[in-house]
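2 protein chains.
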Amino acid sequence: MTTDFSGGGDPRRTIELLWGLREGSRPGPKPRFTVAEIAAAGLAIADADGLAALSMRRVAERLGVSAMSLYTYVPGKAELIDLMLDTIFGEVSLTFDGTDGWHERLERVARENWQLYLRHPWLLQVATSRPPLGPHLIAKYDFELRAIDGIGLTDIEMDLVVQMVGDYVHGAARTAVSATLVAQRTGRTDEQWWAEVAPVLEKVLDPAATPTATRVGAAAGEEYNAPGDPARAFEFGLRCLLNGIDVLIAKKR
Amino acid sequence: MTTDFSGGGDPRRTIELLWGLREGSRPGPKPRFTVAEIAAAGLAIADADGLAALSMRRVAERLGVSAMSLYTYVPGKAELIDLMLDTIFGEVSLTFDGTDGWHERLERVARENWQLYLRHPWLLQVATSRPPLGPHLIAKYDFELRAIDGIGLTDIEMDLVVQMVGDYVHGAARTAVSATLVAQRTGRTDEQWWAEVAPVLEKVLDPAATPTATRVGAAAGEEYNAPGDPARAFEFGLRCLLNGIDVLIAKKR
DNA sequence: TCCTATCACTTTACAGCGTACGGAGTTCGT
DNA sequence: ACGAACTCCGTACGCTGTAAAGTGATAGGA
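Now the structure itself:
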């Protein structure tokens, strides 16, 4: 569900902002805010009301200035989002205290990302294939690699494993988050939705044509009381993924 | 990267549209289009220019009518997107000719979804936690379940496995698609982007602080000439996932 | 054959979006 | 004291989904 792109603005300018270059005393009025304050204001809005509600006017209003003032701090909305991204990457705790098995460490990495998506659902809507190379992103990448360093994988394999876990967690988190968001948005619980849909579906559906879907769908519906159980699906998928990496390492020996 | 929600409109009305209820001769002028034609027009726009370019006015323009005319066929944009979804789900070929191992069959399922995302990148931006329960979606779900039917999994486990594969493929496809989209959007290749970014990054980055990221990042950069190689990552992740399911089944015996 | 309910289609309107442009006022180094 | 650099703001443009109200065409029932 990507809508905005990280790296959509001028990447050099973004990095300068992220690392706090361009400082020092200069002529003109003193800035009323720091770049971090702008990012924090945007973050508060996106966390509360989603990325769709994040507008330059709204951020400005929260800071008590006009919309166009923001453009003296930030080249545009794309760069603002990049700043918000690196800010939340800073929330990840970067130490594996005590856990010395890569299995637990990689699980920690997955859960840390999972939590990040749950705390900041708008993160799911930002494509980060050219990520904002800020200090927190790089520290996070380092942390994730350290989870599987020195266990017999090549550097490329390490990158691939981190990528894979990231991809899976993103997919699972998206399912989880969108389930709660769509309930909020429509004002209907999954049960209410199903109660509304079921009678119409019964009229048109031919169980004989799709017996497997009918059987499993019924079983799942009874078990979850909903189209699915995202948290349980995440636990299940995470275990499978880790087992798969076990196999990969075992084969190399 | 979800922006729009499936099931955002009236779900009953959506199902009626999807299954072609509400037919028969009625007073008033003959409709100039079928619902499927409306969906096809929207699909063409979303495929060509992305979901952001999909507007009621643009769909109407393509059909040669005014924007508001569409509302006689479709209650709103949300339902239009649901129709588009079920349309592309119909592209999935639903038979496993000759392959009798679940490994190959599940791989087929994953690749079929992967291709679907590559053909219709806008699909990545639609949250389908309450899916449009049209004929093609249900047939697709049935197909995916048949891949792993009768191999010793419970019904719930079958649903979880399909969910897991779907989540992973979505995550991996998103990475792949956004890599090509961001290149188009910015008009810069990954190499050009890196050439622009690298000098600034060198100034601020301390390799001693994040040695693992520095080492692996350098190795990955040399191997890919880019931040990553999405197609290769997908192959790697898919293999891991399938191996993980192997372990799950083996443990049950 | 005529009446009327129903439908297809239209124009107009609203509030909100990112940001280009030009101008006004403030503060620094010299 | 001066000019350059800076912060900040008002206005404007074309875009969005769709509510409201009006016009004209068409079917079935009388």
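Note that the protein sequences, when read in sequence, are chains A and B.
Position 136 (the first sequence) corresponds to 136 in UniProt numbering; numbering is contiguous.
Position 53 (the second sequence) corresponds to 53 in UniProt numbering; numbering is contiguous.
By construction, the Cβ of each residue, glycine as well, lies at the ideal position given by its N, Cα and C atoms.
At least one CB of chain B closer than 8 Å to the CB of residue i: is that the case?
i              : result
N243(A)        : yes
residue 258(A) : A question about residue 258(A) goes unanswered here, because the residues of chain A that appear run from 1 up to 253.
S129(A)        : yes
A41(A)         : no
E196(A)        : yes
L85(A)         : no
F96(A)         : no
R26(A)         : no
R146(A)        : yes
F5(A)          : yes
A36(A)         : no
L116(A)        : no
T2(A)          : Low confidence applies here, because T2(A) scores a pLDDT of 44, under 50, leaving its location unreliable; read the following figure in that light. So yes, T2(A) belongs to the interface.
D82(A)         : no
Return the first residue and the last residue of the alpha helix (DSSP H) that residue i is part of.
i       : result
N243(A) : P230 to K252
W114(B) : W102 to R119
W19(B)  : First-last for W19(B): undefined, no H or E at that position.
A169(A) : The sequence shown places Val at residue 169(A), rather than the Ala named in the question. From DSSP, the alpha helix (DSSP H) with V169(A) extends over D155 to T186.
Y141(A) : P135 to R146
Y71(B)  : Here Y71(B) belongs to no alpha helix (DSSP H), and DSSP marks it neither H nor E.
L63(A)  : M56 to L63
E191(B) : D190 to V204
T212(B) : P211 to Y224
E91(B)  : Note, E91(B): premise wrong, no alpha helix (DSSP H); not H, not E.
A67(B)  : Taken as a continuous stretch (DSSP letters only), A67(B) belongs to no alpha helix (DSSP H), as it is neither H nor E.
G42(A)  : V35 to D49
Of all Cβ atoms in chain A, is any one closer than 8 Å to the Cβ of residue i?
i       : result
W19(B)  : yes
L248(B) : yes
Q192(B) : no
T210(B) : yes
E16(B)  : yes
D100(B) : no
E91(B)  : no
I138(B) : yes
R22(B)  : no
V59(B)  : no
K12(B)  : The amino acid at residue 12(B) is misidentified as Lys; the sequence shows Arg. It does; some Cβ of chain A falls within 8 Å.
D49(B)  : no
L54(B)  : no
R253(B) : no
R32(B)  : no
My assumption, with CB atoms under 8 Å, is that residue i sits in contact with residue j. Please give the rounded CB distance.
i       : j       : result
V74(B)  : I45(B)  : The pair is not a contact, with the Cβ atoms about 14 Å apart (cut-off 8 Å).
L18(A)  : P132(A) : 6 Å
K140(B) : V92(B)  : 5 Å
T212(A) : D149(B) : 5 Å
Y117(A) : G171(B) : About 11 Å separates the two Cβ atoms, so there is no contact after all.
F89(A)  : V182(B) : No, F89(A) and V182(B) are not in contact; Cβ-Cβ is about 19 Å, not under 8 Å.
F244(B) : N243(A) : Looking at the sequence itself, residue 244(B) is Gly, so the reference to Phe does not match. At roughly 4 Å, the Cβ-Cβ gap stays under 8 Å, so G244(B) and N243(A) are in contact.
T210(B) : I138(A) : 6 Å
I249(A) : G152(A) : 6 Å
E196(B) : R22(A)  : About 17 Å; that fails the 8 Å criterion.
L238(A) : C240(B) : At roughly 12 Å, the Cβ-Cβ gap does not stay under 8 Å, so L238(A) and C240(B) are not in contact.
Checklist line | Meets three-Cβ-pair contact criterion under 8 Å: the stretch 188-204 of chain B and the stretch 132-149 of chain B | finding: Look at the beta carbons and you see the stretch 188-204 of chain B not touching the stretch 132-149 of chain B: under three pairs across the two are nearer than 8 Å.
Are the stretch 169-189 of chain A and the stretch 227-237 of chain A in contact at 8 Å, needing three or more beta carbon pairs?
-> Verdict: yes, contact present.
Notebook entry, point to check: If you measure beta-carbon to beta-carbon, which residues of the stretch 213-240 of chain B are closer than 7 Å to chain A?
Noted result: Within the stretch 213-240 of chain B, the residues whose Cβ lies closer than 7 Å to some Cβ of chain A are A213, R215, V216, A219, A220, E223, P227, G228, A233, F236, G237 and C240, listed in chain order.
query = Can you find at least 3 beta carbon pairs, one from the stretch 71-86 of chain A and one from the stretch 119-136 of chain A, that sit closer than 8 Å?
reply = Using a Cβ-Cβ distance cut-off of 8 Å, the stretch 71-86 of chain A and the stretch 119-136 of chain A are in contact, since at least three pairs of beta carbons, one from each stretch, lie closer than that value.
What residues from the stretch 149-178 of chain B come within 7 Å of chain A, judged by C-beta to C-beta, listed N to C?
Here the close residues are D149, D155, I156, M158, D159, L160, Q163, M164, D167, Y168, H170, G171, A172, R174, T175 and S178.
- Task: Taking a Cβ distance cut-off of 9 Å, strictly less, list which residues of the stretch 63-77 of chain B are near chain A, in chain order.
- Result: Listed in sequence order: no entries.
(message) Below 8 Å, how does it come out for the stretch 215-222 of chain B and the stretch 206-225 of chain A: are there three or more Cβ pairs, yes or no?
(response) Taking a cut-off of 8 Å on C-beta distances, the stretch 215-222 of chain B does not touch the stretch 206-225 of chain A, as fewer than three cross pairs fall below it.
By the 8 Å beta-carbon criterion, what residues does the stretch 101-113 of chain A contribute toward chain B?
Contacts with chain B (Cβ-Cβ distance below 8 Å) from the stretch 101-113 of chain A involve no residue at all.
### Message
Under 8 Å, with one C-beta from each stretch per pair, do the stretch 153-166 of chain A and the stretch 155-167 of chain B reach the 3-pair mark?
### Response
Proximity of the stretch 153-166 of chain A to the stretch 155-167 of chain B falls short of the contact definition, fewer than three beta-carbon pairs being nearer than 8 Å.
**Asked** Between the stretch 27-42 of chain B and the stretch 54-68 of chain B, do three or more beta carbon pairs fall short of 8 Å?
**Response** Taking a cut-off of 8 Å on C-beta distances, the stretch 27-42 of chain B touches the stretch 54-68 of chain B, as three or more cross pairs fall below it.
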